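A.B. asks:
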Amino acid sequence: MLLKILLVMAAIGVALVALRLALGKSKPPESPRSRSTRAAATPLLACHVCGAMIAQTEAVMRAGKSYCSGAHADRDV
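Going by my numbering, the first residue of the sequence shown is number 6, and it counts up by one from there.
1. Which word fits Leu50, buried or exposed, when buried means at least 16 other C-beta atoms lie within 10 angstroms of its C-beta?
2. Quick one: what's got a C-beta closer than 7 Å to Ala60's C-beta in the same chain, skipping five residues either side?
3. Is Ala20 helix, strand or coil by DSSP?
4. Locate the beta strand (DSSP E) running through Ala51, then write down its first and last residues.
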């Protein structure tokens with residue numbers, strides 16, 4: 006009796022795996038973090054004064070040097 010139950014459970018498991026593969030859902034969904042990392046990777050620049058890393062889109066650029074703030078850009082002049 007126990008052997009029959011185990012056999013039925015194994016058959017159901019195999020059927021579920023086959024169904025999942027047939028429907029194309031074998032891959033786990035990507036985490037939001039991995040999607041956003043690939044899609045929106047922004048280069049980082051080091052502040053010329055303090056060395057802080059800041060996104061290129063937020064950096065203050067003066068004379069070809071990058072700064073983390075306007076205060077550091079003014080300080081280095």
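We treat Cβ as the ideally placed atom computed from N, Cα and C, and that holds for glycine.
If you're wondering where the values come from, they're calculated on a predicted model, not measured in any experiment.
C.D. replies: In short:
1. buried
2. Thr47 and Leu49
3. helix
4. Leu49 to Ala51
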